[in-house]
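Engineer: Numbering (the numbering used here), first residue to last: 62 to 649.
First the structure, which I've put down as structure tokens, then a few questions once you've had a look.
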Amino acid sequence: MSALLEIDDLRVSFRMGRVAGRETFARAVGEADGPGSGAGTGVSFDIPANATVALVGESGSGKSVTAMSILNLLPDNAVRQGAIRFDGRELIGMPLAALRALRGKDIACVFQDPMGSLNPVFTVGHQVVEPLRRHLGLGRRAARERAEALFEEVGLPEPRRRLDAYPHQLSGGQQQRVMIAMALACEPRLLIADEPTTALDVTIQRQILELLAGLKERHRMSMLFISHDLGVVGEIADRVVVMRHGRIREQGPVAQVFAAPRDAYTRALLACRPSLAHRGARLPVVEDVLAGAAGSDGTATPRAAPRAPKDPDAPVVIEARGLTKSFWIPKGVFGRREFKAVGRDGRGASFRLRRGHTLGVVGESGSGKTTLGLALLRLHEPAGGPVGGEVLFDGRDLLTLRREELLPVRRRIQVVFQNPYASLNPRFTVVQALTEPMAIHGLGGDAAARQWRAVELLRRVGLDEGALHRYPHEFSGGQRQRIAIARCLTLEPEVLVLDEAVSALDVSVQAQVLNLLKDLQDELGLAYVFISHDLAVVRFMADEVLVMKDGEVVEQAGVETILERPREAYTRRLLEAVPRGLPAPDPA
């Protein structure tokens with residue numbers, strides 16, 4: 062196959078200012094530290110016509126910088142070296158006007174966060190019509206008709222009505238379909254898809270993957286697919302490029318690389334992924350696998366000792382009985398109607414969570430998973446809609462407690478959200494974020510004692526004292542999630558509600574955080590409500606699983622029963638939607 066895009070010895074660095082009168086650079090891709098540095102090994106790979114090439118690697122490996130270098134969608138302080146040729150035309154150094162003519166027309170992008178990419182003040186129809194008028198010169202009516210046809214092609218329901226919808230009126234999956242429609246509007250020859258399914262549940266992810274594969278075949282386009290989910294890559298890609306620290310460690314046909322990886326780092330990435338087929342005591346992490354591969358005797362990392370079995374008679378720390386939650390939806394000018402987010406069947410959610418155990422909550426987007434978790438903590442505004450049933454904690458019904466009675470209870474039930482950067486105050490240093498909860502609840506004695514405890518908790522979650530006086534933006538996503546977990550632990554909680562706490566992390570960081578959560582549970586006897594759309598992660602973490610659909614609990618049983626012998630067709634559909642593009646793991 063001829064190459065549509067050729068990347069040859071690409072090196073990318075960022076100007077970091079002048080130090081002692083000399084300009085300094087931070088390397089992001091390749092070996093060179095700055096312009097004119099001469100020798101150095103860059104990134105080189107091709108994207109053939111009508112083929113999908115995947116870039117994989119940990120956060121910070123250079124995947125997105127490499128992809129964004131193609132159309133120079135990098136900050137102004139970025140410096141590119143090497144060659145990027147699209148259909149024989151050199152893109153590095155191309156005049157801005159010529160580059161703009163390529164963007165959206167011949168090369169288009171779909172990003173991870175559609176809500177962050179779509180303009181909230183314009184309708185989605187307007188945003189799809191704009192490139193059609195700019196690049197193809199269509200009139201307003203013709204462009205609108207083309208936009209409607211695109212919405213139908215990407216599977217948006219009621220495409221004509223959706224043209225006049227704003228981004229916030231669509232679900233995450235629908236927003237991503239709009240982004241794909243916008244990218245395909247001018248029938249590009251190359252589509253760059255940067256983590257397009259990371260935050261989506263398994264069924265919506267399956268729909269998006271099938272949509273992309275079908276569109277690729279129909280439009281005969283090539284695709285550069287960036288992901289940290291190796292199962293997804295194994296299904297959608299023809300070739301894979303494995304990156305680490307801005308270098309290519311391995312590349313080749315995806316089936317060959319995943320079945321018989323030559324590089325130790327590729328083997329480490331494959332080993333870090335939780336398995337849907339079996340439940341191990343501990344997940345390997347990249348550093349452990351690499352250390353084992355580099356050992357003098359050539360042996361792999363020793364397997365973790367099996368964890369002690371859970372006590373089936375452990376004390377119940379929290380019990381829900383017929384929990385329901387509704388929201389008020391405006392109707393007409395002054396009216397309103399009740400929307401039941403949890404408990405549409407009238408029964409509500411009921412479960413018991415024992416000390417040291419984990420309840421997994423799974424289901425599609427909109428099934429009520431997060432609403433259930435937040436209802437347990439009374440984090441919804443009372444005026445937003447009624448709540449029903451009982452949530453018993455320490456013999457008291459949390460749903461009937463007065464506001465002043467809730468404060469000591471909330472110290473004992475904490476929550477970790479999906480996006481740690483949004484949940485950590487950007488104006489607070491780490492030490493402020495960790496000591497403020499202790500000061501509010503009167504824990505730790507004085508300021509010095511609270512800071513000492515903050516240091517101890519940072520060490521427990523794998524960070525050192527040097528992190529104390531830094532701000533959230535100075536940390537990676539995995540490090541920020543560790544800080545969020547440490548903040549919860551400052552209050553010595555008994556229950557943690559983890560709402561998609563690892564879904565946005567790459568496989569190696571995800572493995573570290575999951576192992577940390579298991580260790581903390583063993584040490585402190587913590588009980589977890591673990592909300593996730595990743596069934597392999599739920600298999601690793603949970604003891605019991607609660608399956609939700611359209612605000613109802615459709616199935617509830619032990620994790621092995623749910624995943625190996627599901628009763629409900631909906632549960633089976635969730636399992637069938639899990640990407641299975643990886644070779645079968647070793648169950649030993």
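Here a beta-carbon is modelled for each residue, glycine too, at the ideal position from N, C-alpha and C.
Since the model is a prediction, treat every value here as computed from it, not as a measurement.
1. Can you tell me whether DSSP reads Tyr-589 as helix, strand or coil?
2. If Ala-274 and Ile-241 are in contact, beta carbons under 8 Å, what's the gap, nearest whole angstrom?
3. Please list the segments of the alpha helix (DSSP H) lying wholly inside the stretch 230-269, counting only runs of 4 or more residues, in order along the chain.
4. Note the first and the last residue of the continuous beta strand (DSSP E) segment covering Met-609.
5. Mapping the DSSP letters down to three states, classify Asp-525 as helix, strand or coil.
6. Does the separation of the CB atoms of Leu-261 and Val-422 fall below 9 Å?
7. Secondary structure at Pro-469, three-state DSSP: helix, strand or coil?
8. Using CA atoms only, rank isn't needed, just tell me which of Gly-523, Val-448, Cys-247 and Glu-553 is closest to Val-574.
9. Within the continuous alpha helix (DSSP H) that includes Phe-212, where are the two ends?
10. In three-state DSSP terms, what is Pro-443?
11. Are Ala-246 and Ala-203 close, meaning C-beta to C-beta below 9 Å?
12. Spell out a yes or no on whether the stretch 66-77 and the stretch 110-128 are touching, meaning 3 or more CB-CB pairs, one atom from each, closer than 8 Å.
13. Nearest CA to the CA of Leu-578: which residue from Leu-467, Asp-567, Asp-174 and Ala-545?
14. Which residue wins for smallest C-alpha separation from Lys-386, given the options Pro-370, Asp-374 and Ser-411?
15. Given this structure, state the Cα-to-Cα distance separating Gly-341 from Thr-327, to the nearest angstrom.
16. Among residues of its own chain, excluding the 5 on either side of Pro-640, which ones have a beta-carbon nearer than 6 Å to its beta-carbon?
17. What separation, rounded to the nearest whole angstrom, lies between the Cα atoms of Gly-78 and Gly-527?
18. Leaving aside the five residues before and after Pro-363 along the sequence, list all residues of the same chain whose C-beta is less than 7 Å from its C-beta, in chain order.
19. With 16 other CB atoms within 10 Å as the buried threshold, where does Ser-232 fall?
20. Around the Cβ of His-418, are there at least 16 other Cβ atoms within 10 angstroms (buried) or fewer (exposed)?
21. Apart from the five residues just before and just after Arg-267, which ones in its own chain have a Cβ nearer than 7 Å to its Cβ?
22. Buried or exposed: which applies to Arg-408, given that a residue is buried once 16 or more other Cβ atoms fall within 10 Å of its Cβ?
23. Among Gln-617, Leu-552 and Val-599, which has the Cα closest to the Cα of Leu-585?
24. Below 8 Å on the Cβ atoms is my contact criterion, and I expect Val-90 with Val-140 to pass it. Report the Cβ-Cβ distance as a whole number of Å.
25. Within the same chain, show all residues whose beta-carbon is closer than 6 Å to that of Arg-413, passing over the 5 residues directly before and after it, in chain order.
26. Pull up the distance between the alpha-carbon of Arg-471 and that of Leu-557, whole angstroms please.
27. Check this for me: beta carbons of Gly-307 and Leu-384, under 9 Å apart or not?
28. From the DSSP output, in three-state form, read off Ile-309 for me.
29. Among residues of its own chain, excluding the 5 on either side of Arg-652, which ones have a beta-carbon nearer than 7 Å to its beta-carbon?
30. In the DSSP output, what is Thr-113 paired with across the bridge?
31. Have a look at the DSSP bridge pairing and note the partners of Lys-124.
32. Go ahead and pull the three-state DSSP assignment for Phe-106.
33. Count the other C-beta atoms from every protein chain shown that fall within 10 angstroms of the C-beta of Thr-461, then say buried if there are 16 or more, exposed otherwise.
34. Counting along the chain, where does the beta strand (DSSP E) carrying Ser-74 start and finish?
35. Going by DSSP, what residues sit across from Ala-618 in a beta bridge?
36. Leu-433 bridges to which residues according to DSSP?
Structural biologist: Taking the geometry as given:
1. Taking the first residue of the sequence shown as 1, we reach residue 589 at position 528. Strand.
2. As a position in the sequence shown, residue 274 is number 213, starting the count at 1. As a position in the sequence shown, residue 241 is number 180, starting the count at 1. Not confirmed; about 12 Å, so no contact.
3. 233-245
4. Indexing the sequence shown from 1 puts residue 609 at position 548. Here the beta strand (DSSP E) through Met-609 covers 605-610.
5. Reading the sequence shown from its first residue, position 464 is the one you call residue 525. Reduced to three states, the DSSP call for Asp-525 is coil.
6. For the purposes of this step, residue 261 is taken as residue 200 along the sequence shown, with counting starting at 1. For the purposes of this step, residue 422 is taken as residue 361 along the sequence shown, with counting starting at 1. No.
7. By one-based count along the sequence shown, residue 469 stands at place 408. In the three-state scheme derived from DSSP, where H, G and I count as helix and E and B as strand, Pro-469 is classed as helix.
8. Translated into the one-based positions of the sequence shown, residue 574 becomes position 513. The option with the nearest alpha carbon to Val-574 is Gly-523.
9. One-based indexing of the sequence shown puts residue 212 at position 151. Residues 201-214.
10. What you label residue 443 is simply residue 382 of the sequence shown in a count that begins at 1. Looking at Pro-443 - three-state DSSP - the assignment turns out to be helix.
11. If you number the sequence shown from 1, residue 246 lands on position 185. If you number the sequence shown from 1, residue 203 lands on position 142. With respect to the 9 Å criterion, Ala-246 and Ala-203 are not classified as neighbours on the basis of their beta carbons.
12. Output reads yes: the stretch 110-128 touches the stretch 66-77.
13. Working through the sequence shown from its first residue, we reach residue 578 at position 517. Leu-578 has its Cα closest to that of Ala-545, out of Leu-467, Asp-567, Asp-174 and Ala-545.
14. Taking the first residue of the sequence shown as position 1, residue 386 is located at position 325. Nearest C-alpha to Lys-386: Ser-411.
15. The residue given as residue 341 occupies position 280 in the sequence shown. The residue given as residue 327 occupies position 266 in the sequence shown. So the two alpha carbons sit approximately 20 Å from each other.
16. Numbered from 1 along the sequence shown, position 579 holds the residue referred to as residue 640. For Pro-640, where only same-chain residues beyond five positions count, the Cβ hits under 6 Å are Gly-292, Val-293 and Glu-296.
17. The sequence position of residue 78 within the sequence shown is 17, counting from 1. The sequence position of residue 527 within the sequence shown is 466, counting from 1. Rounded to the nearest angstrom, the two C-alpha atoms are 24 Å apart.
18. To locate residue 363, count along the sequence shown from 1; it is residue 302. The predicted position of Pro-363 is uncertain, since its pLDDT is 45 and thus under 50; no value can be drawn from it.
19. Indexing the sequence shown from 1 puts residue 232 at position 171. By the neighbour-count rule (16 or more Cβ atoms within 10 Å), Ser-232 is not buried but exposed.
20. For this step, residue 418 is matched to residue 357 along the sequence shown. His-418 comes out buried.
21. Numbered from its first residue, the sequence shown carries residue 267 at position 206. The answer, listed in chain order, is Ala-638.
22. Numbered from 1 along the sequence shown, position 347 holds the residue referred to as residue 408. With fewer than 16 other Cβ atoms within 10 Å, it is exposed.
23. Sequence index remark: in the sequence shown, residue 585 carries index 524 (1-based). Comparing Cα-Cα distances from Leu-585 to each of Gln-617, Leu-552 and Val-599, the minimum goes to Leu-552.
24. If you number the sequence shown from 1, residue 90 lands on position 29. If you number the sequence shown from 1, residue 140 lands on position 79. Not confirmed; about 11 Å, so no contact.
25. The sequence position of residue 413 within the sequence shown is 352, counting from 1. Only Val-377 and Glu-380 meet the Cβ criterion.
26. Here residue 471 refers to the residue found at position 410 when the sequence shown is read from its first residue. Here residue 557 refers to the residue found at position 496 when the sequence shown is read from its first residue. Near 10 Å, if we compare the C-alpha coordinates of Leu-557 and Arg-471.
27. Residue numbering aside, residue 307 sits at position 246 when the sequence shown is read from its first letter. Residue numbering aside, residue 384 sits at position 323 when the sequence shown is read from its first letter. No. Outside cutoff.
28. Taking the sequence shown and counting its residues from 1, the one referred to as residue 309 is at position 248. Residue state, collapsed to three classes: strand.
29. Outside the displayed span of the chain (62 to 649) sits residue 652, for which this structure offers no information.
30. By 1-based counting over the sequence shown, the position of residue 113 is 52. DSSP, once it has assigned bridges, lists Met-284 as partnering Thr-113.
31. Here residue 124 is taken as the residue at index 63 of the sequence shown, counted from 1. DSSP output for Lys-124 lists no bridge partner at all.
32. As a first step, residue 106 must be located in the sequence shown, where it is residue number 45. Here DSSP, grouped into helix, strand and coil, assigns Phe-106 to strand.
33. Walking along the sequence shown from the start, residue 461 turns up at place 400. In this structure Thr-461 is exposed. Its beta-carbon is surrounded by fewer than 16 other beta-carbon atoms within 10 angstroms.
34. Locating residue 74 in the sequence shown gives position 13, counting from the first residue. 64-80 is the span of the beta strand (DSSP E), which, as asked, contains Ser-74.
35. Against the sequence shown, residue 618 aligns to sequence position 557. The partner list for Ala-618 (beta bridge, DSSP) reads Val-606.
36. Taking the first residue of the sequence shown as 1, we reach residue 433 at position 372. According to DSSP, Leu-433 bridges with nothing at all.
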